[in-house]
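Below is one structure, written out as structure tokens, with a few remarks after it.
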Amino acid sequence: MRSSLAPGVWFLRTFSRDSWFRGSILLLTFLIYTCYHMSRKPISVVKSRLHQNCSEVIQPINDTHDPNDTTWCSWSPFDKDDYKELLGAVDNAFLVAYAIGMFISGIFGERLPLRYYLSAGMLLSGLFTSLFGLGYFWNIHVLWYFVLVQICNGLVQTTGWPSVVACVGNWFGKGKRGLIMGIWNSHTSVGNILGSLIAGVWVNSQWGLSFIVPGIITAAMGIFTFLFLIEYPEDVDCTPPQHHSEPDEDQENPEDSGNSSYANRDSNMEAAASCSKDPCTEPAAISFLGALKIPGVIEFSLCLLFAKLVSYTFLYWLPLYIFNVAHFGAKEAGDLSTLFDVGGIIGGIMAGLISDYTNGRATTCCIMLILAAPMMFLYNSVGQNGITNSIVMLIVCGILVNGPYALITTAVSADLGTHKSLKGNAKALSTVTAIIDGTGSVGAALGPLLAGLISPTGWNNVFYMLISADILACLLLCRLVYKEILAWKASLSRGRGSSLALTHPR
255 MRSSLAPGVW FLRTFSRDSW FRGSILLLTF LIYTCYHMSR KPISVVKSRL
305 HQNCSEVIQP INDTHDPNDT TWCSWSPFDK DDYKELLGAV DNAFLVAYAI
355 GMFISGIFGE RLPLRYYLSA GMLLSGLFTS LFGLGYFWNI HVLWYFVLVQ
405 ICNGLVQTTG WPSVVACVGN WFGKGKRGLI MGIWNSHTSV GNILGSLIAG
455 VWVNSQWGLS FIVPGIITAA MGIFTFLFLI EYPEDVDCTP PQHHSEPDED
505 QENPEDSGNS SYANRDSNME AAASCSKDPC TEPAAISFLG ALKIPGVIEF
555 SLCLLFAKLV SYTFLYWLPL YIFNVAHFGA KEAGDLSTLF DVGGIIGGIM
605 AGLISDYTNG RATTCCIMLI LAAPMMFLYN SVGQNGITNS IVMLIVCGIL
655 VNGPYALITT AVSADLGTHK SLKGNAKALS TVTAIIDGTG SVGAALGPLL
705 AGLISPTGWN NVFYMLISAD ILACLLLCRL VYKEILAWKA SLSRGRGSSL
755 ALTHPR
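Number 331 in the numbering used here belongs to position 77 of the sequence shown; there are no gaps in the numbering.
Shown next, in the form of structure tokens:
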């Protein structure tokens with residue numbers, strides 16, 4: 255007697271061919287950007303190794319250093335009293351290059367094949383990340399080498415974000431965009447966690463491997479991307495979801511079509527799927543100024559500037575803060591800092607889920623930013639009073655700080671890049687994403703720079719700077735929050751009107 259179909263096979267057969275391809279693209283782009291972020295994280299872990307208090311380190315037997323020299327074990331040129339400023343300069347070299355390159359990257363991303371663009375970017379990113387670590391084995395002690403490598407790495411890393419968002423945009427419609435992209439965006443935090451853990455393995459021995467190993471993994475992922483990335487559903491005979499709005503959409507929106515909400519509620523992400531498989535005229539790529547005119551782009555871009563300032567200051571300086579204030583070892587500080595990224599995963603998913611349910615992207619961001627300010631103050635004040643306090647507050651800070659950042663860079667960017675004012679021209683998706691993330695990257699460059707300049711005056715002042723930036727990010731969304739509240743009130747009024755009509759028919 256023949257047995258019934260195996261449950262696992264039955265489960266696999268429930269998914270269509272299109273679903274398998276879409277799932278594989280989502281997973282591949284997730285892994286791609288995980289590698290990008292993994293290669294950025296080691297510098298924050300290795301900082302505490304580049305400059306440390308050598309009086310607590312046992313000198314080798316044959317060492318000839320002065321016993322009173324407390325910097326003999328530090329890595330020149332970071333062994334002087336101005337080491338925080340120098341480390342800030344190294345961070346800033348990467349971040350300024352990244353911010354400048356991001357505005358250009360989106361334009362290239364719309365005009366070059368994404369598979370080639372991403373593959374080349376990952377190979378070069380792996381190369382420059384490894385070159386930073388090779389400075390240890392080549393015994394390099396000049397600042398310009400590390401700054402130059404960081405500048406080159408910052409430029410090539412800009413190939414990542416606009417490309418993966420555009421690729422996902424080619425395959426996926428709106429649906430539960432906030433939730434799906436909130437889960438997908440956890441690649442940022444997963445990459446940070448992996449980068450911290452990998453760097454922590456070698457930070458106290460051969461710290462150069464903390465960069466070389468992530469660099470090799472990133473380059474290998476670039477080769478995998480070249481072999482398997484599929485840019486458009488049409489390339490493998492999959493059906494692209496249609497990019498159409500509902501007929502009564504404008505009636506449900508209290509705003510006029512010219513100044514509609516930044517989130518076109520029924521728009522799809524399929525940037526390249528507006529054409530069928532038959533030959534059609536490809537829409538022209540949108541200009542930089544044209545993308546700025548899309549309602550909501552400027553507000554969210556400026557909000558992300560301050561939100562990313564806060565997030566990247568934590569990214570680059572949290573391990574050193576824990577090392578100095580809580581007096582953990584370099585590896586333990588790096589491991590503990592990953593809890594902030596664990597909170598970031600939870601925050602991104604929560605922000606996406608809430609914004610999907612409420613149809614209020616700006617309001618969700620604003621509320622989380624409001625809550626983040628007092629939480630950062632509390633973490634600095636009492637967060638180091640016991641390991642339990644540190645764990646809980648780091649996770650909560652990660653939720654509130656990274657939630658808005660994740661929502662803006664994913665679901666909001668996709669909403670704006672497929673705005674109905676574009677009339678189906680999804681060529682804007684990569685440019686809009688680059689504008690928003692590029693503006694945010696200016697804040698990402700300023701945050702670690704300011705932290706390096708302010709931290710010598712005390713860590714309290716660094717947190718005051720972060721809280722101020724958080725409040726400014728919140729204030730920039732006030733107009734959009736007001737528009738969302740008006741939309742909710744109009745929706746409630748229509749709901750009451752419909753109920754009255756049913757209760758008292760003519």
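All C-beta atoms in this analysis are idealised placements derived from N, C-alpha and C, irrespective of residue type, glycine included.
- Taken in chain order, the whole alpha helix (DSSP H) runs of length 4 or more contained in the stretch 367-452 are 368-391, 397-411, 414-425 and 431-438.
- Listed in chain order, the non-local C-beta contacts of alanine 343 below 7 Å within the same chain comprise Val401, local neighbours out to five positions each way being set aside.
- Within the same chain, Cβ atoms closer than 7 Å to the Cβ of serine 609 are found at Gly432, Arg615, Thr618, Leu661 and Ala665, the five residues on either side in sequence being excluded.
- Its Cα nearest to that of phenylalanine 568, the residue Val299 stands out among Val299, Gly277 and Phe275.
- For a cut-off of 8 Å, the C-beta gap from glycine 408 to phenylalanine 348 is around 4 Å, short enough to register as a contact.
- Contact between leucine 632 and proline 658 does not hold, since their C-beta atoms are separated by about 19 Å, which reaches or exceeds 8 Å.
- By the Cβ rule, the stretch 366-385 does not count as touching the stretch 437-445, because fewer than three pairs are nearer than 8 Å.
- Straight-line measurement puts the Cα of asparagine 578 at about 13 Å from the Cα of lysine 585.
- Note on arginine 294: 16 or more other CB atoms within 10 angstroms of its CB, so buried under the neighbour-count rule.
- For proline 549, the secondary structure class from DSSP, reduced to helix, strand or coil, is coil.
- By the neighbour-count criterion, in which a residue is buried when 16 or more other Cβ atoms sit within 10 angstroms of its Cβ, cysteine 732 is exposed.
- Check the Cα spacing between leucine 304 and each of Ser459, Ala561 and Phe265: the tightest is with Ser459.
- Proline 628 and isoleucine 721 have their C-alpha atoms roughly 8 Å apart.
- In the structure shown, leucine 483 falls within a coil segment according to DSSP collapsed to helix, strand and coil.
- The C-alpha of isoleucine 708 lies about 50 Å from the C-alpha of serine 273.
- A straight-line Cα-Cα distance of about 38 Å links isoleucine 690 and phenylalanine 391.
- Glycine 469 and serine 635 have their C-alpha atoms some 37 Å from each other.
- The C-alpha of threonine 493 lies about 49 Å from the C-alpha of tyrosine 399.
- Separation of leucine 590 and leucine 463 (C-alpha to C-alpha, rounded to the nearest whole angstrom) is 20 Å.
- In the DSSP annotation of this structure, lysine 295 is not part of any alpha helix (DSSP H), being labelled neither H nor E.
- When DSSP states are grouped into helix, strand and coil, threonine 687 belongs to the helix group.
- By the 16-neighbour rule on beta-carbons within 10 angstroms, asparagine 656 is buried.
- Closest in alpha carbon position to isoleucine 434, among Val419, Gly445 and Asn446, is Val419.
- By the Cβ neighbour-count rule, leucine 703 is buried, with 16 or more other Cβ atoms within 10 Å of its own.
- Only exposed fits leucine 266, as fewer than 16 other CB atoms lie within 10 angstroms of its CB.
- If you check the CB distance, tyrosine 575 and tryptophan 461 do not come in under 9 Å.
- DSSP, reduced to helix, strand and coil, places alanine 605 within a helical segment of the structure shown.
- Secondary structure of leucine 730 (DSSP, three-state): coil.
- Taking C-alpha positions only, aspartate 333 is separated from leucine 700 by approximately 24 Å.
- Contact annotation: methionine 356 and glycine 476 have beta-carbon atoms that are not nearer than 9 Å.
- Contact annotation, glycine 387 with isoleucine 466: C-beta distance approximately 4 Å; criterion of less than 8 Å satisfied.
- Assignment of valine 696 by DSSP, reduced to helix, strand and coil, places it in the helix class.
- Rounded to the nearest whole angstrom, the C-alpha separation of phenylalanine 362 and leucine 543 is 16 Å.
- Here the alpha carbons of leucine 558 and glycine 694 stand approximately 5 Å from one another.
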